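Enquirer: Mind the numbering: the sequence shown is residues 17 to 353 in our numbering, read in order. Just so you know, even glycine gets a beta-carbon here, dropped at the ideal spot from N, CA and C. Treat the numbers as computed from the prediction; the structure is a model and nothing was measured.
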Amino acid sequence: MALRFGLALMNDFAPHISPSSRIGQMREQVRAARDAGMHSIWVLNHYLGNMATMQPLVTLAALAEHAGEMKLGTNMFILPLRHPVAVAEEFATLDHITGGNVIAGFGMGYRGNEYAAFGIPMEQRVARYEESVELIRRLWRAEPVTFEGEHFTVRGERIGIPPVQPGGPRIWVGAGVHKTGARRAARLGDTWIIPPHAPLEKLVPYLRLHREERERLGRGPADEIVVRRELVLDDDPERARAIGLEAREASTRMYARFEAPDNTDAYRHLKGAGELAETAQGSYLFTDPATAVAALKELEAHGVTYVILRMQWYALEQERVLATLAAFRDHVLPRFR
Numbered sequence: 017m018a019l020r021f022g023l024a025l026m027n028d029f030a031p032h033i034s035p036s037s038r039i040g041q042m043r044e045q046v047r048a049a050r051d052a053g054m055h056s057i058w059v060l061n062h063y064l065g066n067m068a069t070m071q072p073l074v075t076l077a078a079l080a081e082h083a084g085e086m087k088l089g090t091n092m093f094i095l096p097l098r099h100p101v102a103v104a105e106e107f108a109t110l111d112h113i114t115g116g117n118v119i120a121g122f123g124m125g126y127r128g129n130e131y132a133a134f135g136i137p138m139e140q141r142v143a144r145y146e147e148s149v150e151l152i153r154r155l156w157r158a159e160p161v162t163f164e165g166e167h168f169t170v171r172g173e174r175i176g177i178p179p180v181q182p183g184g185p186r187i188w189v190g191a192g193v194h195k196t197g198a199r200r201a202a203r204l205g206d207t208w209i210i211p212p213h214a215p216l217e218k219l220v221p222y223l224r225l226h227r228e229e230r231e232r233l234g235r236g237p238a239d240e241i242v243v244r245r246e247l248v249l250d251d252d253p254e255r256a257r258a259i260g261l262e263a264r265e266a267s268t269r270m271y272a273r274f275e276a277p278d279n280t281d282a283y284r285h286l287k288g289a290g291e292l293a294e295t296a297q298g299s300y301l302f303t304d305p306a307t308a309v310a311a312l313k314e315l316e317a318h319g320v321t322y323v324i325l326r327m328q329w330y331a332l333e334q335e336r337v338l339a340t341l342a343a344f345r346d347h348v349l350p351r352f353r
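1. Based on DSSP bridge pairs, tell me the residues matched to residue 120.
2. Let me make sure I understand the geometry here. Which of 252, 99, 202, 331 has the alpha-carbon closest to that of residue 28?
3. Let me know if residue 283 comes out buried or exposed under the rule of 16 or more other beta-carbons within 10 Å of its beta-carbon.
4. Ignoring anything shorter than 4 residues or poking outside the region 22-95, list the alpha helix (DSSP H) runs there in chain order.
5. So, for residue 55: in the same chain, excluding its five sequence neighbours on each side, which residues have a beta-carbon less than 7 Å away from its beta-carbon?
6. Would you verify that the beta carbon of residue 79 is, or is not, closer than 8 Å to some beta carbon of chain B?
7. Report the residue ranges of all alpha helix (DSSP H) runs contained in full by the region 166-228; include only those spanning at least 4 residues, in chain order.
8. Going by DSSP, what residues sit across from residue 161 in a beta bridge?
9. Using three-state DSSP, classify residue 126 as helix, strand or coil.
10. Per DSSP, what kind of secondary structure is residue 283 in: helix, strand or coil?
11. When DSSP labels each residue in this structure, what does residue 19 get in the three-state scheme?
12. Measure how close the beta-carbons of residue 204 and residue 189 come, nearest whole angstrom, since I'm counting them as under 8 Å.
13. Taking Cβ to Cβ, would you say residue 212 is nearer than 8 Å to residue 245?
14. Using the DSSP secondary-structure output, state which residues sit across from residue 302 in a beta bridge.
15. Could you check where the beta strand (DSSP E) with residue 324 kicks off and where it finishes?
16. What residues are listed by DSSP as bridge partners for residue 241?
17. Measure the C-alpha to C-alpha separation of residue 169 and residue 183 and round it to an integer number of angstroms.
18. Write down the C-beta distance between residue 273 and residue 66 rounded to the nearest angstrom, noting that I regard them as a contact closer than 8 Å.
19. Report buried or exposed for residue 105, applying the criterion of at least 16 other Cβ atoms within 10 angstroms of its Cβ.
20. Pull up the CB-CB distance for residue 64 and residue 133, whole angstroms please, since I reckon it's below 8 Å.
21. If you count every other CB in all the chains shown that lies within 10 Å of the CB of residue 17, and 16 or more means buried, which is it?
22. Would you call the CB atoms of residue 33 and residue 97 closer than 8 Å?
23. For my contact list, residue 129 and residue 93 are in at a C-beta cut-off of 8 Å; report their separation, rounded to the angstrom.
24. Is there contact here, the region 30-50 with the region 69-87, by at least three beta-carbon pairs under 8 Å?
25. So what's residue 338 in DSSP terms, helix, strand or just coil?
26. Are the beta-carbon atoms of residue 349 and residue 53 separated by less than 8 Å?
27. Taking its Cβ as the centre, do 16 or more other Cβ atoms sit within 10 Å of residue 357, making it buried, or is it exposed?
28. Measure the alpha-carbon distance for residue 163 versus residue 123 and round it to whole angstroms.
29. For residue 297, does the count of other Cβ atoms within 10 angstroms reach 16, so buried, or fall short, so exposed?
30. Consult DSSP for residue 260 and reduce its assignment to one of helix, strand or coil.
31. Measuring straight from C-alpha to C-alpha, what distance separates residue 208 and residue 151?
32. Hey, could you find the ends of the alpha helix (DSSP H) residue 111 is sitting in?
33. In terms of residue numbering, what span does the alpha helix (DSSP H) encompassing residue 156 cover?
34. Quick check: the region 331-347 against the region 234-249, are at least 3 beta-carbon pairs closer than 8 Å?
35. If you measure between the beta carbons of residue 200 and residue 214, is that distance less than 8 Å?
36. Give a yes or no on whether the C-beta atoms belonging to residue 101 and residue 110 are separated by under 8 Å.
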């Protein structure tokens with residue numbers, strides 16, 4: 017199967033931008049991605065941030081009529097902050113709205129203020145995440161469920177709105193590029209969504225570990241091997257790099273105001289312009305189309321089957337995003353068909 021692509025939309029905005037003023041632009045990007053032949057669109061999830069974030073399920077419902085047959089996914093929905101019964105029914109509702117085209121991308125989040133506001137200790141996030149995935153899967157089977165967990169209990173209940181997709185949407189697990197993340201994704205997910213900040217040479221051993229862990233558990237190959245990447249295309253690669261770094265840094269400065277949970281490389285890109293430039297050099301695609309094709313072909317050669325591309329940050333104008341989308345449609349996608 018040829019490498020497939022999704023588009024990560026910008027659904028978080030700096031304080032001086034009204035999200036309502038950008039909804040038309042988001043719809044325009046969805047239509048452009050649909051007409052280009054991209055496979056999916058994705059939005060993120062945060063609460064109480066310093067950037068106004070349109071919440072993902074409502075946003076995807078508003079975009080669904082423009083998406084055609086594209087899949088609509090969350091990248092990532094912060095699962096431990098919500099009750100799994102509510103999550104199961106809300107995603108099932110979106111599955112009906114989209115005609116069975118939902119992908120449930122579940123992550124754990126990292127911002128302490130979100131967990132404090134929801135009254136959930138950060139140290140519970142792993143256990144709540146794992147219980148939630150198990151309970152949601154069981155509810156999506158549309159059979160009576162009895163579940164006795166440390167954090168959640170359901171006794172003899174059946175989901176009120178069974179999803180369109182038999183067994184429910186596929187669950188794509190977001191986790192960092194480390195042993196724990198690779199193993200958790202292998203155990204819990206249909207697919208592992210890998211963050212955009214790791215260069216290929218770092219990815220390779222963890223891709224192998226993920227594959228071996230699935231084999232050890234008897235789960236077989238993953239549905240997809242998914243890597244995220246940041247993308248700005250221009251005929252002049254230096255201009256593309258300058259545009260991408262300037263726009264990405266503006267958003268990074270906002271994200272970096274929240275303390276990262278650890279000092280590992282997973283959060284290195286939040287630490288300043290120098291680290292961001294190094295990350296961009298190793299893994300972002302701020303370049304010309306031919307160089308982007310070569311980098312994507314290299315990912316494909318190492319078993320990656322799906323790439324989710326983000327082409328916009330709040331400081332990047334719509335015209336620039338549409339120009340990257342057009343260059344991707346005309347000069348990159350044809351190389352993967």
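Expert: For this structure:
1. Within the sequence shown, residue 120 is the residue found at index 104, counting from 1. Answer is 187, bridged to residue 120.
2. Residue numbering aside, residue 28 sits at position 12 when the sequence shown is read from its first letter. Checking every option, the nearest Cα to that of residue 28 belongs to 331.
3. Residue numbering aside, residue 283 sits at position 267 when the sequence shown is read from its first letter. Reliability of the predicted coordinates at residue 283 is poor, the pLDDT of 49 falling under 50, and no value is obtained from them.
4. 39-52, 72-83
5. The residue labelled residue 55 in the question sits at position 39 within the sequence shown. Contacts found: 20, 21, 22, 86, 87.
6. In summary, chain B is missing from the structure at hand, where a single protein chain is found.
7. 195-204
8. As a first step, residue 161 is located in the sequence shown; it is residue number 145 there, counting from the start. Beta-bridge partners of residue 161 (DSSP): 173.
9. Residue 126 sits at position 110 when you count from the first residue of the sequence shown. Residue state, collapsed to three classes: coil.
10. Position 267 of the sequence shown, counted from the start, is the residue given in the question as residue 283. Any reading at residue 283 is ruled out, since the residue's pLDDT is 49, under 50, leaving its predicted position unreliable.
11. By one-based count along the sequence shown, residue 19 stands at place 3. Coil.
12. Numbered from its first residue, the sequence shown carries residue 204 at position 188. Numbered from its first residue, the sequence shown carries residue 189 at position 173. The Cβ separation is near 5 Å, so the contact holds.
13. For the purposes of this step, residue 212 is taken as residue 196 along the sequence shown, with counting starting at 1. For the purposes of this step, residue 245 is taken as residue 229 along the sequence shown, with counting starting at 1. It is a contact, given that the beta carbons lie within the stated cut-off.
14. Here residue 302 is taken as the residue at index 286 of the sequence shown, counted from 1. According to DSSP, which records beta bridges pairwise, residue 302 is partnered with 248.
15. Indexing the sequence shown from 1 puts residue 324 at position 308. Run containing residue 324: 322-326, per the beta strand (DSSP E) assignment.
16. Position 225 of the sequence shown, counted from the start, is the residue given in the question as residue 241. Per DSSP, 208.
17. Working through the sequence shown from its first residue, we reach residue 169 at position 153. Working through the sequence shown from its first residue, we reach residue 183 at position 167. Cα to Cα, the separation comes out at about 20 Å.
18. Residue numbering aside, residue 273 sits at position 257 when the sequence shown is read from its first letter. Residue numbering aside, residue 66 sits at position 50 when the sequence shown is read from its first letter. Correct: roughly 6 Å between the Cβ atoms.
19. Position 89 of the sequence shown, counted from the start, is the residue given in the question as residue 105. Its Cβ being crowded by 16 or more others within 10 Å, residue 105 is buried.
20. Taking the first residue of the sequence shown as position 1, residue 64 is located at position 48. Taking the first residue of the sequence shown as position 1, residue 133 is located at position 117. Residue 64 to residue 133, Cβ: 6 Å. Contact.
21. One-based indexing of the sequence shown puts residue 17 at position 1. With fewer than 16 Cβ atoms within 10 Å of its Cβ, residue 17 is classed as exposed.
22. One-based indexing of the sequence shown puts residue 33 at position 17. One-based indexing of the sequence shown puts residue 97 at position 81. No, the pair does not count as a contact, with Cβ atoms beyond the cut-off.
23. By 1-based counting over the sequence shown, the position of residue 129 is 113. By 1-based counting over the sequence shown, the position of residue 93 is 77. Wrong, their Cβ atoms sit about 18 Å apart, outside the cutoff.
24. yes
25. As a first step, residue 338 is located in the sequence shown; it is residue number 322 there, counting from the start. In the structure shown, residue 338 sits in a helix (DSSP, three-state: H, G or I).
26. Within the sequence shown, the letter at position 333 stands for residue 349. Within the sequence shown, the letter at position 37 stands for residue 53. A contact, by the Cβ cut-off of 8 Å.
27. The structure shown does not extend to residue 357, since the chain is modelled only from 17 through 353, so no value can be given for it.
28. Counted from its first residue, the sequence shown places residue 163 at position 147. Counted from its first residue, the sequence shown places residue 123 at position 107. Rounded to whole angstroms, the separation of the alpha carbons of residue 123 and residue 163 is 22 Å.
29. To locate residue 297, count along the sequence shown from 1; it is residue 281. Exposed: under 16 other Cβ atoms inside 10 Å.
30. Indexing the sequence shown from 1 puts residue 260 at position 244. In the structure shown, residue 260 sits in a helix (DSSP, three-state: H, G or I).
31. Here residue 208 refers to the residue found at position 192 when the sequence shown is read from its first residue. Here residue 151 refers to the residue found at position 135 when the sequence shown is read from its first residue. Cα to Cα, residue 208 sits roughly 19 Å from residue 151.
32. Your numbering for residue 111 matches position 95 in the sequence shown. 100-113 is the extent of the alpha helix (DSSP H) around residue 111.
33. Along the sequence shown, one-based indexing puts residue 156 at 140. It spans 141-156 - the alpha helix (DSSP H) in which residue 156 sits, taken as one unbroken run.
34. yes
35. Taking the sequence shown and counting its residues from 1, the one referred to as residue 200 is at position 184. Taking the sequence shown and counting its residues from 1, the one referred to as residue 214 is at position 198. No, these two residues do not count as a Cβ contact at 8 Å.
36. Taking the first residue of the sequence shown as 1, we reach residue 101 at position 85. Taking the first residue of the sequence shown as 1, we reach residue 110 at position 94. When the beta-carbon positions are compared, residue 101 and residue 110 stay at least 8 Å from each other.
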